[in-house]
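Novice: Going by full-length UniProt numbering, the sequence shown opens with residue 1, and the numbers climb by one from there. Take a look at this one; I'll ask things after.
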Amino acid sequence: MENIIRKLSVITFVILLVGCSSAASQKQKYLEMVAKNRASLLASELPLESGPLSIMRANSKGNIIEIMMVYNDDAKGAKPTASLLAQSVNTYCSNKDTKANLDLGIHYRIKIRNSRGQLMSDELVTSQKCQQQSNK
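Here it is as structure tokens:
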């Protein structure tokens with residue numbers, strides 16, 4: 001009898017474990033689908049240009065939306081790259097739509113290249129980063 005109870009306990013534990021991992025897997029698939037959909041929507045509107053900044057590409061990898069920007073830091077009136085990046089992170093953290101995605105578990109990777117193609121910045125924006133930024 002004791003052996004049967006032990007076996008039932010093990011079976012119950014395994015079923016619970018499989019159920020939890022299945023839910024996590026489903027959530028990851030959902031996040032990947034949302035990221036892919038959002039990246040496709042952004043990509044359909046590209047390229048976007050605003051002064052010395054050009055947003056050239058948007059794609060997704062897993063639950064990360066990657067945004068590739070080209071910044072002509074030699075242009076008249078161009079701000080330092082660090083300032084542009086800080087402003088971008090602030091915008092992602094305060095915009096209603098992107099904030100909702102961040103809270104859901106989507107991340108944004110902002111890559112900034114100069115006009116010669118050199119990578120100037122590669123920043124991952126997460127809901128945790130936004131929380132840290134708001135606590136400063």
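Using N, Cα and C, we set each Cβ at its ideal position, and we do this for glycine too. Keep in mind that this is a model prediction, so the values were computed, not measured.
Based on the DSSP output, what are the partners of Tyr-71 in its beta bridges?
Specialist: Indexing the sequence shown from 1 puts residue 71 at position 71. According to DSSP, Tyr-71 bridges with Leu-53 and Asn-114.
Novice: Taking all protein chains shown into account, decide if Met-69 is buried (16 or more other Cβ within 10 angstroms of its Cβ) or exposed.
Specialist: The residue given as residue 69 occupies position 69 in the sequence shown. Under this definition Met-69 is a buried residue.
Novice: Report back the beta-carbon spacing between Val-89 and His-107 to the nearest angstrom; my notes put them in contact at under 8 Å.
Specialist: Residue numbering aside, residue 89 sits at position 89 when the sequence shown is read from its first letter. Residue numbering aside, residue 107 sits at position 107 when the sequence shown is read from its first letter. With 8 Å as the limit, Val-89 and His-107 do not qualify as a contact, their Cβ atoms being about 12 Å apart.
Novice: For Leu-84, count neighbouring C-beta atoms within 10 Å of its own C-beta (all shown protein chains included) and say buried if the count is 16 or more, exposed if not.
Specialist: As a working note, residue 84 is residue 84 in the sequence shown. So Leu-84 counts as buried.
Novice: Can you tell me whether DSSP reads Ser-40 as helix, strand or coil?
Specialist: Translated into positions along the sequence shown, residue 40 becomes position 40. Helix, per DSSP.
Novice: Within the chosen definition, does the segment 108-128 reach the segment 67-82 through at least 3 CB pairs nearer than 8 Å?
Specialist: With a cut-off of 8 Å, the segment 67-82 and the segment 108-128 count as touching, because enough Cβ pairs lie within range.
Novice: Report the CB separation of Leu-48 from Tyr-71 in whole angstroms; it is logged as a contact under 8 Å.
Specialist: Translated into positions along the sequence shown, residue 48 becomes position 48. Translated into positions along the sequence shown, residue 71 becomes position 71. That pair is no contact at about 13 Å.
Novice: In three-state DSSP terms, what is Glu-45?
Specialist: Here residue 45 corresponds to residue number 45 of the sequence shown, with the count starting at 1. If DSSP states are grouped into helix, strand and coil, Glu-45 belongs with coil.
Novice: Just to check my reading of the structure: Ala-24 and Asn-63 have Cβ atoms closer than 8 Å, yes? What is that Cβ distance to the nearest angstrom?
Specialist: The residue given as residue 24 occupies position 24 in the sequence shown. The residue given as residue 63 occupies position 63 in the sequence shown. That belief does not hold up - the Cβ atoms of Ala-24 and Asn-63 are roughly 12 Å apart, past 8 Å.
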